[in-house]
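Residue numbers (the UniProt record's numbering): 1 to 151. All C-beta atoms, glycine included, are put in the ideal place defined by N, C-alpha and C. These numbers were taken from a predicted model, which means no experiment stands behind them.
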């Protein structure tokens, strides 16, 4: 450990941050003289492996693990799609409910300010000759939002 400290304090050694990962791996895998175990094993319960060794052993493990992982991934993706679909449906229902609640809570003055009559502007002359394209006065005002509207 002293040699590492001396190396890091040397102003000419600027690459210590590049070797620190290997140093930590070496320290974690050095056996304690008293217990005959590595610090990594004491913390995690299994011996650390290098990346290449871990990759080689997982490939030797066979296709069973890989197929299990793929099946798990497919199941997670399927459940995620179902959850997203349910969330979209819930949002649409909630949007419609809130729009209905909002439209029902409009005051008389706000309801009266909504446009009620639309007369066809193309017909000029006698109002009796004009086509009646107006909405009835007793019809409820049009909702501001409809189910299925986009955001």
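Distance CB(residue i)-CB(residue j) smaller than 8 Å
| i | j | result |
| --- | --- | --- |
| residue 38 | residue 49 | no |
| residue 92 | residue 147 | yes |
Cβ neighbours of residue i in the same chain (closer than 6 Å, five flanking residues each side left out)
| i | result |
| --- | --- |
| residue 219 | The question about residue 219 has no answer, for the chain in this structure spans 1 to 151. |
| residue 121 | Because residue 121 sits at a pLDDT of 46, beneath the cut-off of 50, its placement in the model cannot be relied upon, and the point is left open. |
Nearest-angstrom Cα separation, counted from residue j out to residue i
| i | j | result |
| --- | --- | --- |
| residue 130 | residue 80 | Low per-residue confidence applies at residue 130: pLDDT is 46, beneath 50, and the placement is therefore not dependable enough to give any value. |
| residue 77 | residue 102 | 37 Å |
| residue 25 | residue 94 | 54 Å |
| residue 27 | residue 85 | 50 Å |
| residue 69 | residue 18 | 34 Å |
| residue 67 | residue 44 | 27 Å |
| residue 11 | residue 3 | 14 Å |
| residue 13 | residue 33 | 31 Å |
| residue 106 | residue 89 | 26 Å |
| residue 96 | residue 108 | 22 Å |
| residue 113 | residue 83 | 42 Å |
| residue 74 | residue 35 | 44 Å |
| residue 29 | residue 5 | 19 Å |
Own chain, CB closer than 7 Å to residue i, minus 5 neighbours either side, in chain order
| i | result |
| --- | --- |
| residue 21 | none |
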